[in-house]
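Here is the structure we will look at, set down as structure tokens.
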Amino acid sequence: MPVFDTVHAPLAHWAEATPRTVAIDDGVTRLDFAALAQQVAARAAALRQSHPSAVCWVDDVPDAAAQLLDFLAILAAGRTAAVSDPDWPPAVREQILARVAAGVGAETALAKTTSSSPFYIGFTSGSSGLPKGFRRSHGSWTSSFDICLESFGAGAAATMLVPGRLSHSTFLFGALLGLWSGAGVRLQSRFAPGPALDTLACSGDQGAGAMVAVPSQLILMLELAQRRKLPAMPGVQLLMIGGAPWNRARTPELRQLFPQARIIEFYGASETSFIAWTDSDASLPDHVVGRPFSNVEVRIDATAPDIPGLIYVRSPMVFTDYVTLRDSDEQPALLRDGDWLSVRDVGHLDERGRLHLLGRQQRMLLAQGKNLFPEEVESVLTTHPAVAAASVQGIADAVRGVQIAALLKVTDPVSPEALVAWCRERLEPYKIPRRFYTCNDWPLTPSGKTDHKQLAQRLDDPAMPTLTTR
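Quick note, this note's numbering runs 836 ahead of the 1-based positions in the sequence shown.
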């Protein structure tokens, strides 16, 4: 691979080296590298004439290929591409656009784009209720592409299936990785398990040998493949799983469907990019997220040796800044210490150099005088065959300080006694929920994660279906 300083730099290289290789295909638009580079250059030239400001918003259209083309043209014009979410209500969209404009001020496009230049503004959930905009430099993602290719092997350079909106940074990264490697990308504007499986099963330039996905997508794909009794797909070389914890009890099913694939779980955040990774293995403890990437340093700030503490990272992949935060009380829980950065995740490194993630400091509960991380309990509950999703919350209790409650999305009937017994085999007694609720209309954030804040609000509803009170 040649050395590229900017995210869009490979387009010209692959347009010359492999001009007829399909670069992007979303089922509507199909472009080879030569055509893609030509269209990007033409649009970039027009943008330079018509748009002097530093930030351009990517067109909010349903066609993923058109969005990616627009994104690349903005970069080639020397601007920063801001990617909105189509599900934002009009009032939210109006506020965010105004805040981005205020956040970048009178910045104008740079005369020359370098690795330190900003290229992307994405959005993640914020404590104020408004998504918060984070800005990334070219170098932060070119370093991420390179470390993918170094760490994950040949599969990372295969044609990439990206089954989700480009407003989700995980999917945008996967799409750009496919272009970076020269293998191309197959896009889905909205995830559908059937077409995703068809693409992975297909050979030639219609198919894909790699996929980046969130756990909920893989579960739906596994269930559909089992219902249809689909044969194994040996052409798949790599599955990259991120965005939320993967239920490793189902890794053997993935291996059966994709027998030649390397199944990778990666851990990180919008602000940090990659932190750690591991080959998925059902025997791994749930809270092990793997070893740090080779270009990432990790330190644990704990109050005493051999106990969990705040995870700090230092790497060339971290973000630049936020661009939508207006008041000091809206500042997120991000911590900086020189080059070190923490999103307040809590964990520890073991003697083998593996990072153990216990949870986010902001969600930590004090139960019976002890620290409890909801993520640990949720991980145990979702390994139960009848539980598809879980959210663990604290309910104020005059005696205990807090009672542990679990909101569940269940796929089959399950008794509270069975859930308690399941937890008792895997958790200390104080971590076992005392109340269980069911919720079938499970709320998700725009990035496909459980919306714990919305579920916490539902606990105030006296009509919330209850399994039991212990």
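Glycine is no exception: its CB is placed at the ideal position from the N, C-alpha and C atoms.
Per the contact definition of three or more C-beta pairs closer than 8 angstroms, is the region 1148 to 1155 in contact with the region 1171 to 1178?
In this structure the region 1171 to 1178 touches the region 1148 to 1155; the number of beta carbon pairs closer than 8 angstroms is three or more.
Best match in A913, M1076, S1106 for proximity to V1050 [C-alpha to C-alpha]:
The option with the nearest alpha carbon to V1050 is M1076.
Tell me where the beta strand (DSSP E) around I1111 begins and ends.
In the DSSP assignment, I1111 falls within the beta strand (DSSP E) that extends over 1109 to 1115.
Are the CB atoms of E1212 and L1194 nearer to each other than 9 angstroms?
A contact, by the Cβ cut-off of 9 angstroms.
Just checking, does the region 954 to 961 make contact with the region 970 to 977 on the three C-beta pairs under 8 angstroms criterion?
Note that the region 954 to 961 touches the region 970 to 977; at least 3 beta-carbon pairs, one per stretch, sit closer than 8 angstroms.
Take D1117 and list the residues in its own chain whose beta-carbon comes closer than 7 angstroms to its own, dropping the five residues that flank it on each side.
The residues are R1084, T1087.
Report the option in M996, L1033, D923, P999 whose CA atom is closest to the CA atom of L1093.
Of all alpha-carbon atoms in M996, L1033, D923, P999, the one lying nearest the alpha-carbon of L1093 is that of L1033.
I need the DSSP call for L1093, collapsed to helix, strand or coil.
L1093: helix per DSSP, three-state reduction.
Neighbourhood of R1306 by C-beta, 6 angstroms cutoff - its chain only, sequence neighbours within 5 removed
Bear in mind that the predicted position of R1306 carries a pLDDT of just 45, short of 50, making it unreliable; the figure below should be weighed with that in mind. Once the five neighbours on either side are set aside, the close Cβ partners of R1306 are R1270.
Comparing alpha-carbon positions, which option in T1006, P1221, L1002 lies nearest P1249?
Sorting T1006, P1221, L1002 by C-alpha distance to the C-alpha of P1249 places P1221 at the top.
Can you tell me whether C892 is helix, strand or coil according to DSSP?
Strand.
Backbone CA spacing between S952 and A1011 [nearest angstrom]
Distance between the alpha carbons of S952 and A1011 is about 21 angstroms.
Of the choices A1241, A1226, S1227, whose alpha-carbon is the least far from that of D1233?
For the residues A1241, A1226, S1227, the minimum Cα distance to D1233 belongs to A1241.
Using the Cβ count rule (16 or more neighbours within 10 Å means buried), how would you classify D1277?
Of the residues assessed, D1277 falls on the exposed side of the cut-off, its CB having fewer than 16 other CB atoms within 10 angstroms.
Do V936 and V897 have their C-beta atoms within less than 9 angstroms of each other?
V897 sits away from V936, with the two beta carbons spaced by 9 angstroms or more.
Let me know if Q1293 comes out buried or exposed under the rule of 16 or more other beta-carbons within 10 Å of its beta-carbon.
With fewer than 16 Cβ atoms within 10 Å of its Cβ, Q1293 is classed as exposed.
Determine the extent of the beta strand (DSSP E) in which S1227 is found, giving its start and end residues.
Counting along the chain, the beta strand (DSSP E) containing S1227 begins and ends at 1223 to 1233.
Throw me the rounded Cβ distance for the A901 and V876 pair, which I believe falls under 8 angstroms.
About 12 angstroms separates the two Cβ atoms, so there is no contact after all.
Excluding the five sequence neighbours on either side, which residues of its own chain have a C-beta within less than 8 angstroms of the C-beta of D1122, listed in chain order?
The beta carbon of D1122 lies closer than 8 angstroms to those of P1081, R1084, E1212, S1215, V1216, T1219 in the same chain, with the five residues before and after it left out.
For a quick check, are the C-beta atoms of S1130 and I983 less than 9 angstroms apart?
Their beta carbons are under 9 angstroms apart, which means S1130 touches I983 by this criterion.
Contacts around T1302, its chain only, beta-carbon distance under 6 angstroms, and the 5 residues preceding and following it disregarded:
Result list for T1302: Y1273, in chain order.
By how many angstroms is the C-alpha of T950 removed from the C-alpha of K968?
Taking the CA atoms as reference points, K968 sits about 25 angstroms from T950.
Measuring alpha carbon to alpha carbon, tell me which residue in R1022, L1255, S1003 is nearest F907.
Measuring from the Cα of F907, the nearest candidate turns out to be S1003.
Classify H1123 as helix, strand or coil using the three-state DSSP reduction.
The answer is coil: DSSP assigns H1123 none of H, G, I, E or B.
Can you pull the DSSP bridge partners for N1083?
Beta-bridge pairing links N1083 to no other residue.
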